[in-house]
Structure formats: structure tokens, C-alpha cells
Amino acid sequence: MDKNAQLLAALRQLEPELPGLFGPDWPQVADRLRQLRDELTHVAPARASIIRVTILNIFGNYPAAHTRLVATLDVMQAGAVPKGGLERHYQPPAATTRPAATTVIRYTDIACPSQVWVQTPRIAVVVRLTVQPPVYSAAIASMALDTHLPVRLRLAAPGFDLLNAAEQETPVLPGADSPPVVFDLRPHTVGPTRVTVDFFQAGNLAGTVSVAVEITAAPSSAVEIPRHALALRIAPSAEPPAYQLHIAYERFQQRPALVFTLFRGNKPGQTFHPVPLMTDPQTEANRLLAQLTDLTDHLDPTAKLAHQARRTLPAADAERRLRSLGQNLWKSLIPADLKAVYEHERGAWRDASMLLVSDEPYFPWELLWPYGEGWQDPDEGPWCLTLRLTRWLRRDEQGNGHDGPPTTLSLRRLACLAPTDSGLNYAQDECDHLRSQIAGRGLRDASPTAATWSDTLDLLEGGDFDWLHVAAHGSFYSDTPDLDAALWLQDGRSLTPDSIVGPAIEAHLKRQRPGFVFNACHGSRQGWALTGLGGWANRLISSGAGLFLAPLWTVTDRQAAHFAVTFYERLFAGDAVADAVRQARLAARQVGDPTWLAYSVYAHPNARLVAGA
């Protein structure tokens, strides 16, 4: 038995004991060990020794777990591994051990004026993390944080010049408030704006707090009103995404613009030159998604628009058009300095995890297809294929920061809705397959007896579910995304995002953070609603959902079912969300059919399923 097999066998043998050996840290350790075990099974020999040492170092921080692992390996090796072979690079701690993780609740106390005179030479935005809820704060949120790790704060303030560092750190003290972090700003542009602070711990986005500020042409004063949010449920020690790309929708020289900020692990974020939008982005996005829908129907999009002619495209031609659409997104929307970073670091980005956090409702970032002049090995697919890519949303419809995406997802009580009068034959098969998975794993089927509107509202208000899967028709109207973005249930009744409202539904979503998969055309599209982003994604995430997955445009019945079946098979097999989605794309991929590209998933890329009783 080789060294990899011995270590994997020892971990399997110890599996029932591990929760007790690691104590309260086990949920975080379990995620990391699961990932390392998966890597060790498939990794190249040159990297295997590094992974083995990493696993041993994890055990070395917990004396009882380390002793049991070494004793188990001693019995299993029986002289098969030369002395020092498995542990050659590893030395367990002699006298000290890593203290057990301590999670505490801390509150954001932010001092920031709501109105600022444009000629003010300097204002200070002061951010504290406090033990008790503050009495006076421009924005209050509560976070669960690890006392052994610092919190990194990054401030973004369109309309202001930043006079000191945009990123600063503060410790989380066991029984006291953290030292304040001060950002100095100078206003330069009259008008409404927002000062936004992103909080990171261990490389994960912990959450976002946002304050509305008006820069005025004349001196003014304002009364600050505190705002509250529920506690964040995060796992600070979970594996963070390798990259986080924040896309802000701001104004630049009186025009709307996209502003990209890239985070690499714990390194300071890098903000790139703004990309001004010279035409209406909603019109452009609607046209792009209409083209993708036409390609799904095997039609020439330009002929349909210009001549109302239904000209069928060969599958190979449709594939080339898909690549062109993705490459045009790269050409038009990505700033030159970000393109240069990607070109320089392409090898490191390959297969890396990325969380894309956006403030805009328009563009299918999954379709981005990088290219460059003179590349000897051009990217063979868009970002959703070459990266382990997921999304998240930064702010809700009021501009308040969202909770960070959870790193574990519960699937014990699953409800599946598939209207029997939809005409989607594969949708019924999809839900039947999912129900067989539920039964085979000892999970509970929380599905209502029929996919009617009233039974669905009873389910949502009753809260007796932690996962909801819908296989149905969907529609979207960009002018009224919360009122008219619909899932079509039994008897042609519509379920819309504005149904996700009220104390019963919202309390359950905040507490449970359930997963939602809407396998319905246009389910993931967004638009501007009355006060902010509208559509299913924003409504569910701002209400507390831990995962939302749906297509952006029309998908074909059969390939959509292939996608869903593979997604759940990989989740139940222990894959992280980003890996499960990528495998589902590959399973649904068919030449000339862009269904496999259509899906957006809002979740932590390294989140995994916690299934079973």
C-alpha cells in the first residue's frame, strides 16, 4: 500500500472518532480535510507529499487527534513505509498547541455623516467592532468572528478622494471592542453616493455595510439614524476563494461605469480603471440574452431581428457565435489593466476558485471568454469552465450589505415542485430522480402534494424545508423584476419574487439559510426594481438564502434536466458547489446548445453539503 493509500485508509478508519478528537473546531476542520482527501485521490505524485504534510500539520495542532493518527499509521504501515517517509517534513508542536477557535458576536459601529459639503477638506469615517450594540451608528450589523484572526476592512467611496489606506486591519479582542479603523476622505463630486465597507476574515468575505451619503453644494447638517441587520453566519476558518472579483456599478465622469476590484487571498485589493458605459446597459444586456435564447432555439439572432426570418444555424456555427459573444464581453467590459493581470497570472488562475460579487444586474459574467494577441495556448472555454466560479450579491434593495455566503449548506428536508401541466416532460423525470435520491439517503421529502400556488405559499410560510427545487417554466420582465419575474406553477399560477416577504418567510430564511434551485428559463435574471436590484437572486439572498442557482436565459428541457441531475449527484458525492456546477455544465454540454452556459450560482465556491439526518 503506497503512502497516499495508507493515509487515506487511516483517515477512513478514524472517521467516527474525528468529531470528538477535534472538538468544537470539527465543522471547519472537516471541510478542509474533505477537500485535501479529494485532492490526494487525484493529485499528481509531485504534489502528493505536500498534501500529506498539510494533513499531518492539521492533526498536529490537536494532540489527541495527532496521537490517534500516528498510532493508526504505525499499525497500518507495518514496516511498509521507510522511517521518516510519511512524516519526513513534519514536526508536531512540542509544548504549545493552537488554541481552540473562539467565535464571538461583534457589532459594527460606524461614524459617517449622511451629508457632506463638497468643499469640506476632510471627513473621517470611523469603523469599530464592538462587544455591545452601539447606541449611535450610521449602520449596524452583527457578525460572528474568530478571535484568533484579524478582520480586514476595505472602504469604497465613489465621489470622494481617499486620503489614507483603502484597506486596514483590526484585531478581534476576546472581551473588548476592537481598536477603531479610520478612513480619511475628501469629497469632490456633488450628488448622492454610498460609502461601503467590506469585511474579510481569513480571506473570506464576512459581510458588507453600506451608508448613504449626500455630497452637497452648500454646507448642511444631518441627524444619523442607526440601522440594524441580523447576525452573519460565517465560518472564518473555511477555505477562502483564491480570488474575489467585486464589480461595482458607479458613476464616472457623469456616466454609469463598472469598477472592478480584485482580491487575492489576504492580499490588499487592487482596483482597476473604471469602464464607462456609453449606452443603456439594460438594452445591451437584454439584446445579448435574446441572442443567447435564439441560439438555444438554433436560430440566427441577427436574421430574426433584422428580417423577422427564422434561419436555422448549424450547431458548429452556433458554437462559434457563443465564443464570439464571450470574447466580445471580455473585449468591451474588462479594463485593460485587469486584462494585463490575467494574462500575466493565467496559469495560477486555471481551475482556481473565484467568488464574483456584483452590484449590477446586467451581464452574464460566466460567459466571459478571455483571449489575447499571441497567446500560444488560448483559453479553451469561458470563465465558468476554466474557473471554479460562483457569484454573490453585495447589497440589498435598500443598499444594506448582505450576509456573507455560508460555507456549509444543509439538505435534510427537500421540497421539489414540478407542475404536471407544464408540458416539460424532463422536468417530471428530474424531480422523480431527486426524490429517489432523497429516499435513498434517508432524507425527508418536504414537497407539497401539488405544485399549486397556495400549497407553495404554505410551504414557504411554514418553513418546514431547507432546500427548494423547482422545475417549471419561467419568465422575466426587466421593467418590473420583482412583480413580474415569474415561476409558472400548476394551473398557470405565477410565483413572483415579491411573494418572498413577511415575518414567517423571512425569519425562516435568515435562520436556516436554505438552498434554492430554480430550473426555469430566465430564473437568474435581474433588473432595477423600485429601490435597487430586483429579481429572484436579490430577493432570496437579501432574505437570507445560502444558495441560489438558476439559468439566465432560455434552456432546453432535456439538457436542463441533465444539468440538475449531475449537480445533485456531485453535491451528494461531497463536491464543493463550484465543482458540482462545473461538472453539471460539462454533463449538459451539447454542441450548438448554450444551455450549459446559462446557469448562474450564488454561493460560496467552496461550500459543501451537509446531508442526512
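Add 3 to the 1-based position in the sequence shown for the working numbering, that's all there is to it. A virtual CB, placed ideally from N, CA and C, is assigned to each residue, including glycine. As the structure is a computational prediction, the values presented were derived from the model and not from experiment.
Within the present structure, is the beta-carbon of residue i separated from the nearest heavy atom of the ligand COA by less than 7 angstroms?
i, result
"Leu-17", "Judged by which ligands are present, the structure shown has none, so any question about the ligand COA falls away."
Do residue i and residue j have their C-beta atoms closer together than 8 angstroms?
i, j, result
"Thr-111", "Ile-143", "yes"
"Glu-242", "Asp-560", "no"
"Glu-509", "Ser-546", "yes"
"Ala-430", "Ala-564", "yes"
"Pro-364", "Gly-538", "yes"
"Leu-17", "Leu-72", "yes"
"Tyr-65", "Leu-14", "no"
"Ala-319", "Pro-304", "no"
"Asn-609", "Pro-30", "no"
"Val-175", "Val-130", "no"
"Ala-159", "Thr-199", "yes"
"Pro-597", "Thr-299", "yes"
"Pro-195", "Glu-170", "no"
"Arg-391", "Ser-356", "yes"
"Val-134", "Asp-77", "no"
Where does residue i land, buried or exposed, given buried means 16+ other C-beta within 10 angstroms?
i, result
"Glu-369", "buried"
"His-2", "Any question about residue 2 goes unanswered here, given that the chain covers just 4 to 616."
"Ala-26", "Note that residue 26 is Gly in the sequence shown, not Ala. Exposed, because fewer than 16 other Cβ atoms sit within 10 Å of the Cβ of Gly-26."
"Gly-443", "exposed"
"Met-281", "exposed"
"Asn-541", "buried"
"Ala-351", "exposed"
"Gly-549", "buried"
"His-525", "buried"
"Ala-567", "buried"
"Gly-162", "buried"
"Glu-376", "exposed"
"Tyr-139", "exposed"
"Gln-45", "Reading off the sequence, residue 45 comes out as His, not Gln. His-45 should be labelled exposed."
"Ser-603", "buried"
"Thr-105", "exposed"
"Gly-445", "exposed"
"Pro-408", "buried"
"Ser-457", "exposed"
"His-607", "buried"
Take residue i as the anchor and find which of the options has the nearest alpha-carbon.
i, options, result
"Leu-302", "Thr-315, Arg-290, Ala-293", "Thr-315"
"Arg-125", "Arg-189, Leu-17, Leu-612, Gln-379", "Arg-189"
"Phe-275", "Leu-295, Leu-248, Asn-289, Ala-288", "Leu-248"
"Leu-460", "Leu-490, Trp-378, Arg-40", "Leu-490"
"Ala-1", "Gly-210, Asp-41, Ser-425", "No answer is possible for residue 1: the residues shown for the chain start at 4 and end at 616."
"Pro-213", "Ile-441, Leu-261, Thr-44, Val-128", "Note on identity: in this sequence residue 213 is Ser, with Pro being the wrong assignment. Considering only alpha carbons, the answer is Val-128."
"Val-473", "Asp-432, Phe-519, Gly-466", "Phe-519"
"Ala-449", "Leu-471, Ala-319, Thr-173", "Leu-471"
"Thr-286", "Pro-451, Trp-395, Tyr-480", "Tyr-480"
"Thr-557", "Asp-458, Ala-601, Pro-517, Ala-581", "Ala-601"
"Leu-39", "Glu-20, Asp-28, Leu-10", "Leu-10"
"Thr-411", "Phe-551, Thr-219, Ile-108, Val-580", "Val-580"
"Phe-570", "Phe-521, Val-594, Pro-597, Ser-478", "Phe-521"
"Gly-466", "Pro-451, Leu-208, Arg-258, Leu-176", "Pro-451"
"Arg-254", "Ala-355, Asp-362, Arg-324, Phe-551", "Asp-362"
"Asn-7", "Pro-19, Thr-57, Val-32", "Thr-57"
"His-511", "Ala-553, Pro-554, Val-216, Leu-463", "Leu-463"
"Ala-141", "Thr-299, Gln-122, Gln-118, Val-154", "Gln-118"
"Val-154", "Asn-269, Ala-74, Asp-77, Thr-75", "Asn-269"
"Phe-366", "Leu-574, Ala-421, Arg-290", "Arg-290"
"Asp-164", "Leu-612, Ala-209, Pro-517, Gln-122", "Gln-122"
"Asn-167", "Phe-186, Ala-488, Arg-109, Pro-182", "Phe-186"
"Leu-156", "Ala-321, Phe-266, Arg-516", "Phe-266"
"Tyr-605", "Ala-220, Pro-554, Arg-324, Leu-43", "Pro-554"
Segments assigned beta strand (DSSP E), at least 3 residues, entirely inside the segment 97-168: 106-114, 118-120, 126-133, 145-149, 154-159, 163-165
Fully enclosed by the segment 443-492, which beta strand (DSSP E) runs are 3 residues long or longer? 470-474, 476-478, 489-491
Go through the segment 287-348 residue by residue and report every complete run of the alpha helix (DSSP H) that reaches 4 residues or more, in order. 304-310, 318-336
When you compare the segment 318-333 with the segment 373-385, are there three or more beta-carbon pairs, one atom per stretch, that lie closer than 8 angstroms? yes
Sequence ranges, alpha helix (DSSP H) only - wholly within the segment 246-284, length at least 4: none
For the pair the segment 194-204 and the segment 143-156, tell me if three or more CB-CB distances fall below 8 angstroms. yes
With three or more beta-carbon pairs closer than 8 angstroms as the criterion, would you say the segment 415-429 touches the segment 437-453? yes
What alpha helix (DSSP H) runs, 4 residues minimum, are completely inside the segment 374-421? 386-389
Three or more beta-carbon pairs under 8 angstroms between the segment 490-501 and the segment 585-602, yes or no? no
Examine the Cβ distances between the segment 265-275 and the segment 339-348 and report whether three or more of them are shorter than 8 angstroms. yes
Pick out the complete beta strand (DSSP E) segments inside the segment 497-554, 3 residues or longer, and give them in chain order. 518-522, 550-554
Quick check on the DSSP output: what are the complete alpha helix (DSSP H) runs of length 4 or more inside the segment 563-613, in order along the chain? 580-591
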